[in-house]
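Residue numbers (the working numbering), protein chains in the order written: chain A, 156 to 502; chain B, 156 to 502. Cβ atoms here follow ideal geometry from the backbone N, Cα and C, with glycine treated the same way. Remember, predicted model here, so these are calculated numbers, not experimental data. Right, one structure below, let's go through it.
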């Protein structure tokens, strides 16, 4: 008898992007925000570092949920908070899917969905995106227990059309989870679908737009019955005390987030211009990263060349994706440095 | 078609102890440490509250694992860190157990094991403890896929004999997880079983003895093959940046933990003396709480009387357990106040 489930023995875990220990890297590989969070967040955290860390956090993060409720105009019981939105994706998969259930995901998309589906021994149904990484016109949702869509999509950065997504939500008998990790960088989102459909979950994160990747704060918005079910499955104290404090301060002071997002969008457009000049083709991005392919130069070779210059970008060794590099948008100076290095490598 | 799995629809979540928002409570209901963590922990946290919270944490918490490796004298790859030990229990159950597998747990024990087993649709086999809440002489482990034992046990506080546990580990073909959340308050533990048996996982937490319940830091020690499998299933960035910093400082300065543990043990014995004088019977405790039953007074009524005096203790509405109250050990002054109130109620 093996100690573990056969499905688990077979699995490969999700491998996150490299986190260098040393300094001096230009880190464009894990879609972090190059700017610090609001000063008010840091001040609130400093104040919360006191003897009360000995106490368990609020198990349901009520104060943070109240803040999110006000900001997004949903009642509090339509919202739950997770240890990053990854935890919520994990809970949703476990709540909705059992062995041999069909899970619909796009190809390509965030690789974690596949890992989570394997853990449940689900049947993964792949919806191949067209050559521009857009959704196909027709999507067959018959017999699908759960659908996971990242919108804007990762690692392509492309935003799917609201009408196409609406059609999928309407046709689906099971849950449709729309992972909006990058929505703050996009021109539109699907949060209102939660009011329209009782089978939709929208997830968000404070990791990217709010500059809080280190503190693991994600949230879901869905109908109260859905939220209640997800909360039943979560660990009792899933979001720690300091993260709750940071989340509250970040949502209250979200003007700061909006300003850094504007700056990142400007630098995204700046970088795209230069890369197109250097013969890259760039998937239209509505995120804080771009997905690019050079007309002649091999992506993996380029990754390695940049690494030598201490510039980290992301490469996915997977059909179709391996022609591309994913580049997070950093500070303007970092973008200038990147362009300069690329000019040298490509000349 | 229901949106969720039938097993999930049926489940009740684990309900953690009440966390009052107001002040002025004597909080003896969730086994928190009444003393603050080491000053060095708070200083390290304050220093770590800076712009780097924008970056993802180390996904595998290597520096903290190295610190734990030194402290507990195991190689680093025998150790993993979780978002509280609850996360590790959750991962272990998902790694080891699938539908209809048999999971052995004692009755009573930490209720979370049951919730986690239900989520996997496992068959729960209950090992009824004897009238003093000790293990029965004979334990049948045939056909058991996974065993969860809390030692010292919760909510009774009783420590099981090492030889009995060793017999269970030896006889078991599946994983035996020994949850040592309270081991720092006990006279002995089973950490060495991990060297002796390849099917043993020992879990620990920094929530209680290290006064860090708010920061969610737990860890597991087991053979590298076991650790590797658990790590495959965890969320990529399961332990946030500040918790990793706090954990490192707490383990380095664990002399402070040992002193508060000694004080808590003294106050535990002080409280037991007084409660026995007041006609309570007390299960011998090797933890930071006691499990007590009064000779005449109903436990639930007593809970309510104490609540009125703003003293919170824990009641479990479950056969056998509902005759008892679980009381966390607080500061000496709080124990005196508790005894005084009990004298008034019982006179």
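- Boundaries of the beta strand (DSSP E) around residue 283 of chain A: 278 to 283.
- Residues of the same chain with a CB within less than 8 Å of the CB of residue 208 of chain A, apart from the 5 flanking positions on each side, are 396, 397 in chain order.
- Of A/158, A/197, A/177, A/180, the smallest CA-CA separation from residue 408 of chain A is found for A/197.
- Residue-level contact check: residue 357 of chain A does not touch chain B, since none of the beta carbons of chain B fall below 8 Å from its beta carbon.
- Excluding five sequence positions before and after residue 492 of chain B, none of the CB atoms of its chain fall closer than 6 Å to its own CB.
- For residue 446 of chain A, the uninterrupted beta strand (DSSP E) segment begins and ends at 444 to 449.
- Residues of the segment 249 to 270 of chain B with a C-beta atom less than 9 Å from some C-beta of chain A are 249, 250, 251, 252, 253, 254, 256, 267, 270, listed in chain order.
- One thing to note: residue 242 of chain A has its Cβ no nearer than 8 Å to the Cβ of residue 406 of chain A.
- When DSSP reads this structure, residue 305 of chain A sits in a beta bridge with A/334.
- Cα atoms of residue 211 of chain A and residue 259 of chain A: separation of roughly 37 Å, rounded to the nearest angstrom.
- Looking only at A/193, A/191, A/178, A/174, the smallest Cα-Cα distance to residue 184 of chain A is reached by A/174.
- Distance from residue 460 of chain A to residue 403 of chain A at the Cβ level is roughly 43 Å; contact not present, criterion being Cβ atoms closer than 8 Å.
- At least one CB atom of chain A sits nearer than 8 Å to the CB of residue 386 of chain B.
- Annotation: residue 361 of chain A to residue 338 of chain A spans about 11 Å, alpha carbon to alpha carbon.
- Within the segment 158 to 171 of chain B, contact with chain A at the beta-carbon level (separation under 8 Å) is assigned to 158, 159, 160, 162, 163, 164, 166, 167, 168, 169, 171.
- Residue state for residue 373 of chain B is assigned as strand, using DSSP reduced to three classes.
- Comparing alpha-carbon positions, the option among B/453, B/435, B/452 lying closest to residue 445 of chain B turns out to be B/435.
- With respect to chain B, the C-beta atom of residue 487 of chain A has no partner C-beta closer than 8 Å.
- Assigned with DSSP and collapsed to three states, residue 227 of chain A falls in helix.
- Under the Cβ criterion of 8 Å, residue 330 of chain B is counted among the residues facing chain A.
- Within the same chain, and ignoring the five residues on either side of residue 169 of chain A in sequence, the residues whose Cβ sits closer than 8 Å to its Cβ are 266, 267, 270.
- Within 10 angstroms of the beta-carbon of residue 288 of chain A lie 16 or more other beta-carbons, which makes it buried.
- If you draw a straight line from the Cα of residue 391 of chain B to the Cα of residue 187 of chain A, it is about 15 Å long.
- Per DSSP, residue 402 of chain A is one residue of the alpha helix (DSSP H) stretching across 396 to 407.
- With distances taken between CA atoms, residue 312 of chain A lies nearest to A/441 out of A/441, A/449, A/488.
- The Cβ of residue 479 of chain A sits no closer than 8 Å to any Cβ of chain B.
- Cα atoms of residue 329 of chain B and residue 433 of chain B: separation of roughly 45 Å, rounded to the nearest angstrom.
- When DSSP states are grouped into helix, strand and coil, residue 386 of chain B belongs to the helix group.
- Taking the Cα positions, residue 480 of chain A is about 27 Å away from residue 317 of chain A.
- A distance below 7 Å between beta-carbons, with the five flanking residues on each side excluded, links residue 427 of chain A to the following residues of its chain, in chain order: 437, 445.
- Leaving aside the five residues that flank residue 307 of chain B on each side, the residues in its chain whose CB is nearer than 7 Å to its CB run, in chain order, 313, 314, 337, 341, 441, 442.
- Counting only residues of its own chain and dropping the five nearest sequence neighbours on each side, residue 299 of chain B has a CB closer than 6 Å to the CB of 257, 259, 329.
- For residue 201 of chain A, the residues of chain B that pass the 8 Å Cβ criterion are 201, 204, in the order they occur in the chain.
- Sequence-ordered contacts of the segment 406 to 426 of chain B with chain A are nonexistent [C-beta pairs closer than 7 Å].
- The beta-carbon separation of residue 384 of chain B and residue 250 of chain B, rounded to 5 Å, stays under the 8 Å limit for a contact.
- At a cut-off of 8 Å between C-beta atoms, residue 236 of chain B does not count as an interface residue with respect to chain A.
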